[in-house]
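J.: Numbering (the numbering used here), first residue to last: 261 to 515.
(1) So, using beta-carbon positions, are residue 355 and residue 363 closer together than 8 Å?
(2) Going along the chain, which residues of its own chain have a beta-carbon closer than 6 Å to the beta-carbon of residue 505, five neighbours each way excluded?
(3) Mind reading off the beta-carbon distance from residue 445 to residue 452? Whole number of angstroms is fine, and I expect it under 8 Å.
(4) May I have the straight-line CA-CA distance separating residue 455 from residue 288, to the nearest angstrom?
(5) Which same chain residues end up closer than 8 Å to residue 470 when comparing Cβ atoms and leaving out the 5 residues on each side of it in sequence?
(6) With DSSP as the reference, please indicate the residues paired to residue 479 in a beta bridge.
(7) Excluding the five sequence neighbours on either side, which residues of its own chain have a C-beta within less than 8 Å of the C-beta of residue 374, listed in chain order?
(8) Please look up how many angstroms separate the CB atoms of residue 315 and residue 347, rounded, as I've assumed it's under 8 Å.
(9) In whole angstroms, what is the alpha-carbon distance linking residue 383 and residue 390?
(10) Assuming residue 286 is part of the beta strand (DSSP E), what are its boundary residues?
(11) With respect to the beta strand (DSSP E) encompassing residue 395, which residues constitute its N-terminal and C-terminal limits?
(12) Under the assumption that residue 461 contacts residue 436 (Cβ atoms under 8 Å), give the Cβ distance between them as a whole number of angstroms.
(13) In terms of residue numbering, what span does the beta strand (DSSP E) encompassing residue 337 cover?
(14) Who are the near neighbours of residue 413 in its chain, counting only those whose CB is closer than 7 Å to its CB and skipping five residues on each side?
(15) Buried or exposed: which applies to residue 404, given that a residue is buried once 16 or more other Cβ atoms fall within 10 Å of its Cβ?
(16) Looking only at its own chain, which residues have a Cβ that is under 7 Å from the Cβ of residue 303, when we skip the five neighbours before and after it?
(17) On the premise that residue 447 lies in contact with residue 496, defined as a C-beta separation below 8 Å, what is that separation, rounded to the nearest angstrom?
(18) Between which two residues does the alpha helix (DSSP H) harbouring residue 405 extend?
(19) Could you check whether residue 336 and residue 379 sit closer than 8 Å to each other, using their CB atoms as the reference points?
(20) Assuming residue 480 and residue 507 form a contact by the criterion Cβ under 8 Å, report the distance between their Cβ atoms to the nearest whole angstrom.
(21) Counting along the chain, where does the beta strand (DSSP E) carrying residue 416 start and finish?
(22) Pick from 463, 410, 449: whose alpha carbon is nearest that of residue 489?
(23) Among the residues of its own chain, which have a CB less than 6 Å from the CB of residue 464, if the five just before and after it don't count?
(24) Should residue 324 and residue 283 be called a contact, given that it needs their Cβ atoms to be closer than 8 Å?
(25) Report the rounded CA-to-CA distance for residue 281 versus residue 307, giving the unit in angstroms.
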């Protein structure tokens with residue numbers, strides 16, 4: 261990897277191996293384990309001397325199991341993971357605003373996170389489909405706990421559709437949840453904390469097949485018009501509201 265600009269000239273290289281193994285322990289299930297080396301340049305993150313930070317490096321580990329059920333109509337998986345990363349960029353609020361008139365970046369030490377993911381997808385019955393997922397991660401040490409607190413530690417999403425008798429109407433819905441996010445620190449000598457509590461969003465849909473080739477579909481997102489911040493940062497950045505309740509009507513045709 262090579263970076264060149266009027267202010268900097270940097271070159272880095274790395275060996276990034278990946279290895280994995282799987283084992284079919286039954287007719288319905290497979291276990292797996294994997295390892296990968298991380299090397300990720302962050303040429304967008306400059307320090308106070310307008311030099312790019314060293315690439316993010318580290319290791320990733322995964323172990324999991326996958327299975328299929330109901331004659332392969334439904335699949336499910338469980339994954340455990342651990343990430344060890346160094347040189348992750350964070351804004352240098354204690355430094356000068358010399359990066360295009362804004363704060364520059366500094367690199368973290370080793371950040372360690374671990375967690376798991378659950379997922380399921382497929383057909384519960386010939387008329388009923390399901391897609392669901394849950395993920396959770398946690399910091400391993402104090403340094404990890406202070407990094408990326410603006411990312412939710414828990415995410416849950418489930419969506420489902422059902423074909424009503426007659427094969428003309430399809431109804432469905434989706435529930436999305438994320439846990440609390442926050443950002444805290446010290447800005448110009450003043451401590452701050454910006455927080456968005458956990459929230460749940462509900463979406464609904466209904467579709468009618470006018471003919472075999474033409475369908476009309478109504479989608480209503482954020483049905484209960486939940487007010488929330490989609491992303492947060494320190495106060496001077498400002499906060500962005502998430503999308504309010506919205507509806508769309510779509511007509512589709514196949515030729």
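C-beta atoms are modelled at their ideal positions from N, C-alpha and C, and glycine is treated no differently.
The model shown is predicted, which means the values in this text are computed figures rather than measured ones.
T.: Reading off the structure:
(1) Against the chain shown, residue 355 aligns to sequence position 95. Against the chain shown, residue 363 aligns to sequence position 103. For residue 355 and residue 363, yes; Cβs fall inside 8 Å.
(2) One-based indexing of the chain shown puts residue 505 at position 245. Only 482, 485 meet the Cβ criterion.
(3) Along the chain shown, read from residue 1 onward, the residue named residue 445 stands at position 185. Along the chain shown, read from residue 1 onward, the residue named residue 452 stands at position 192. Indeed, because the Cβ distance is near 6 Å, the residues count as touching under 8 Å.
(4) Translated into the one-based positions of the chain shown, residue 455 becomes position 195. Translated into the one-based positions of the chain shown, residue 288 becomes position 28. About 44 Å.
(5) In the chain shown, residue 470 corresponds to position 210, counting from 1. So the qualifying residues of the chain are 476.
(6) By one-based count along the chain shown, residue 479 stands at place 219. Per DSSP, 465, 508.
(7) Taking the chain shown and counting its residues from 1, the one referred to as residue 374 is at position 114. Answer for residue 374: 340, 341, 342, 343, 397, 398, 400, listed in chain order.
(8) Sequence index remark: in the chain shown, residue 315 carries index 55 (1-based). Sequence index remark: in the chain shown, residue 347 carries index 87 (1-based). Right, the Cβ-Cβ distance comes to about 7 Å (below 8 Å), so this counts as a contact.
(9) Walking along the chain shown from the start, residue 383 turns up at place 123. Walking along the chain shown from the start, residue 390 turns up at place 130. For residue 383 and residue 390, the distance between alpha carbons rounds to 6 Å.
(10) Taking the chain shown and counting its residues from 1, one reaches residue 286 at position 26. Premise fails: residue 286 is in no beta strand (DSSP E) and is neither H nor E.
(11) Along the chain shown, one-based indexing puts residue 395 at 135. Looking at the DSSP string, the run of the beta strand (DSSP E) that includes residue 395 is 388-399.
(12) If you number the chain shown from 1, residue 461 lands on position 201. If you number the chain shown from 1, residue 436 lands on position 176. With 8 Å as the limit, residue 461 and residue 436 qualify as a contact, their Cβ atoms being about 5 Å apart.
(13) Taking the chain shown and counting its residues from 1, the one referred to as residue 337 is at position 77. Taken as a continuous stretch (DSSP letters only), the beta strand (DSSP E) holding residue 337 covers 334-346.
(14) As a working mapping, residue 413 is identified with position 153 in the chain shown. 396, 397, 398, 439, listed in sequence order.
(15) Within the chain shown, residue 404 is the residue found at index 144, counting from 1. Looking at its Cβ environment, which holds 16 or more other Cβ atoms inside 10 Å, residue 404 is buried.
(16) Stepping through the chain shown from its first residue, residue 303 is reached at position 43. Excluding residues within five positions, the ones whose Cβ falls inside 7 Å are 263, 312.
(17) Looking up residue 496 in the chain shown gives position 236. Looking up residue 447 in the chain shown gives position 187. With a Cβ gap of about 7 Å, residue 496 and residue 447 count as contacting.
(18) As a position in the chain shown, residue 405 is number 145, starting the count at 1. Here the alpha helix (DSSP H) through residue 405 covers 402-405.
(19) Stepping through the chain shown from its first residue, residue 379 is reached at position 119. Stepping through the chain shown from its first residue, residue 336 is reached at position 76. It is a contact, given that the beta carbons lie within the stated cut-off.
(20) Walking along the chain shown from the start, residue 480 turns up at place 220. Walking along the chain shown from the start, residue 507 turns up at place 247. Yes, they are in contact, since the Cβ atoms of residue 480 and residue 507 sit about 5 Å apart, within 8 Å.
(21) By one-based count along the chain shown, residue 416 stands at place 156. Start and end: 414-423.
(22) To locate residue 489, count along the chain shown from 1; it is residue 229. It is 410 whose Cα lies nearest to the Cα of residue 489.
(23) By one-based count along the chain shown, residue 464 stands at place 204. So the qualifying residues of the chain are 433, 480, 483.
(24) Taking the first residue of the chain shown as 1, we reach residue 324 at position 64. Taking the first residue of the chain shown as 1, we reach residue 283 at position 23. No.
(25) Position 21 of the chain shown holds residue 281. Position 47 of the chain shown holds residue 307. Taking the straight line joining both Cα atoms gives about 40 Å.
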